[in-house]
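The block underneath contains the structure these notes are about, expressed in structure tokens.
Numbering (the UniProt record's numbering), first residue to last: 1 to 291.
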């Protein structure tokens, strides 16, 4: 059995193969994002017009200076992939945390108080969810303008409803538990009851939703950068790389494959982490699998 350095056994969620796989993938992406200036073989924005559309190093005509080749402007594809991880993870973490905080707040308020408060919040969520999320993000970006901060803000404004809708149902279930009623009887305030008695019960679901939201945020950012509504051309982004490579898909197909694989790799890591957390932290699902 895997154990801590001091001899304590690993928690159940950390023993899951899905969780371990997801954490390894996220760790690799985080290392690339943090140490990008040291890992990238070249400046991601440096143009070498004498080495346009150079194939990967293993192909005929490849250059060891550009391990994954160059794009139509002679920029190193590998360097842009590594630096693109910075944009992807920045959006993934900040947007998912923001959406989680807003969605969790309204979910706990609606589920705990019920009545007209629940009705109003529920109608707002339903109306917001009636719009396709990607289209709504594009509309918001038109109003907000381009830039990484606005991308994060647009994703938060769109995706907080995902958290609210799912968590609200869980809060309603927990609100009916005996220990919540006991806390109310002994004089706990509404705020204390929510934070001390209900919030700990929703944390497993909250963590799972957040990990899944990170994958969604990466896809949305890639779409926005693909259409030129995310970061500027001076910043490497995976969606932007796909848009550039599209013009030379037949001459240099790997320039298109590389960023697509990077997006798939990142989203797969967050999704498998979320699935693993759901299977290990959701007590009802765990009990069902045992029976």
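From the three backbone atoms N, C-alpha and C, an ideal C-beta is built for every residue, glycine too. Keep in mind it's a predicted model, so treat the numbers as computed, not measured.
Environment of residue i [buried if 16+ CB atoms lie within 10 Å]
{"i": "residue 160", "result": "buried"}
{"i": "residue 49", "result": "exposed"}
{"i": "residue 149", "result": "exposed"}
{"i": "residue 132", "result": "exposed"}
{"i": "residue 185", "result": "exposed"}
{"i": "residue 19", "result": "buried"}
{"i": "residue 208", "result": "buried"}
{"i": "residue 75", "result": "buried"}
{"i": "residue 2", "result": "Confidence at residue 2 is low in this model, with a pLDDT of 45, below 50, so the placement of that residue should be treated as unreliable; the coordinate-derived value is given next. It counts as exposed."}
{"i": "residue 140", "result": "buried"}
{"i": "residue 71", "result": "buried"}
{"i": "residue 247", "result": "exposed"}
CB of residue i within 7 Å of CB of residue j, strictly
{"i": "residue 22", "j": "residue 273", "result": "yes"}
{"i": "residue 137", "j": "residue 152", "result": "no"}
{"i": "residue 79", "j": "residue 55", "result": "no"}
{"i": "residue 293", "j": "residue 104", "result": "Here the chain comprises residues numbered 1 to 291, so residue 293 is not present and cannot be evaluated."}
{"i": "residue 201", "j": "residue 174", "result": "yes"}
{"i": "residue 39", "j": "residue 82", "result": "yes"}
{"i": "residue 171", "j": "residue 114", "result": "no"}
{"i": "residue 164", "j": "residue 99", "result": "no"}
{"i": "residue 218", "j": "residue 182", "result": "no"}
Cutoff 8 Å; reference residue i; Cβ partners in own chain excluding five residues on either side
{"i": "residue 288", "result": "Unreliable placement is indicated for residue 288, whose pLDDT of 45 sits below 50; the coordinate value is still reported in the next sentence. Within the same chain, residue 288 has no close Cβ partners at all."}
{"i": "residue 237", "result": "84, 87, 88, 221, 222, 225, 230, 231"}
{"i": "residue 41", "result": "65, 66, 67, 76, 78, 79"}
Unbroken alpha helix (DSSP H) run spanning residue i, endpoints
{"i": "residue 17", "result": "17-34"}
{"i": "residue 202", "result": "199-226"}
{"i": "residue 59", "result": "Element bounds for residue 59: n/a, residue is neither H nor E."}
{"i": "residue 91", "result": "77-113"}
{"i": "residue 71", "result": "Premise fails: residue 71 is in no alpha helix (DSSP H) and is neither H nor E."}
{"i": "residue 187", "result": "Looking at the DSSP string, residue 187 is not in any alpha helix (DSSP H), and its letter there is neither H nor E."}
{"i": "residue 170", "result": "148-175"}
{"i": "residue 134", "result": "133-144"}
{"i": "residue 43", "result": "Run containing residue 43: none; DSSP gives neither H nor E here."}
Neighbourhood of residue i by C-beta distance below 6 Å, restricted to the same chain and skipping five residues each side
{"i": "residue 269", "result": "22, 25, 26"}
{"i": "residue 245", "result": "255, 256"}
{"i": "residue 129", "result": "161"}
{"i": "residue 210", "result": "96, 100"}
Spatial neighbours of residue i in its chain, beta-carbon cut-off 7 Å, leaving aside the 5 residues before and after
{"i": "residue 30", "result": "89"}
Any non-hydrogen atom of the ligand NAD within 6 Å of residue i CB
{"i": "residue 125", "result": "This structure does not include the ligand NAD; it has no bound ligands of any sort."}
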